[in-house]
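Below: the structure, in structure tokens.
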Amino acid sequence: MKQNVVDKAQTLGFVSEPVARYVESKGLQPARVLVMAEHGLLHADSQRHRNDGVALTADEYRRLPEMLANPEAVLWDKTHDNLLYVFSAGESDRQIKIVVNAPDGIKKVQGQLDVVINAFKVPVKNLKQAGMYEVIEGKIK
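Structure, rendered in structure tokens:
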């Protein structure tokens, strides 16, 4: 059964100047406002993510604004043309990956926003795969 979701968005933070310039160099115009829509939260906290053990905890969801303000690294995904904000998961072999479409339109929200579309834990080795990502800021640990 499909859930009925009203697309309301919550502001989580802002895109830094260096990241915004990088996105502009790719021919895109970032809105510089990071938001998460309800459908993005439902996707990030899906049963599949919980079953796979990659879902964030309630505390990690509460800390999303802090994570986006102080990422360990910001990457450009060359395959999907979106931003990846990377933050420690408190585990030696996994980090939290926050995926942002910059810019993106949310239905029923006027204008373009930089939208968090997913957040989950990934093995560090996946973030270090040669050729998949460009590091914009920081470093993958």
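To convert, note that position 140 of the sequence shown is 153 in our numbering; the numbers rise steadily by one, no gaps. Yeah, the Cβ is synthetic: ideal placement off N, Cα and C, and Gly gets one too.
Residues bridged to residue i [DSSP beta-bridge criterion]
i	result
residue 107	136
residue 50	22
residue 77	Paired residues: none, contrary to the question.
residue 95	90
Residue i and residue j closer than 8 Å at C-beta
i	j	result
residue 111	residue 81	yes
residue 33	residue 43	yes
residue 71	residue 48	no
residue 102	residue 109	yes
residue 69	residue 57	yes
Burial state of residue i (16 or more Cβ within 10 Å)
i	result
residue 66	exposed
residue 63	exposed
residue 106	exposed
residue 139	exposed
residue 95	buried
residue 132	buried
residue 26	buried
Rounded straight-line distance, which links the Cα of residue j to that of residue i
i	j	result
residue 145	residue 135	15 Å
residue 35	residue 98	14 Å
residue 172	residue 148	This structure cannot speak to residue 172, because the chain is shown only from 14 to 154.
residue 150	residue 91	15 Å
residue 104	residue 84	16 Å
Residues near residue i in its chain [Cβ-Cβ closer than 8 Å; skip 5 each side]
i	result
residue 24	46, 47 and 48
Chain-order list of residues whose beta-carbon lies under 7 Å from that of residue i (same chain, five-residue window excluded)
i	result
residue 141	153
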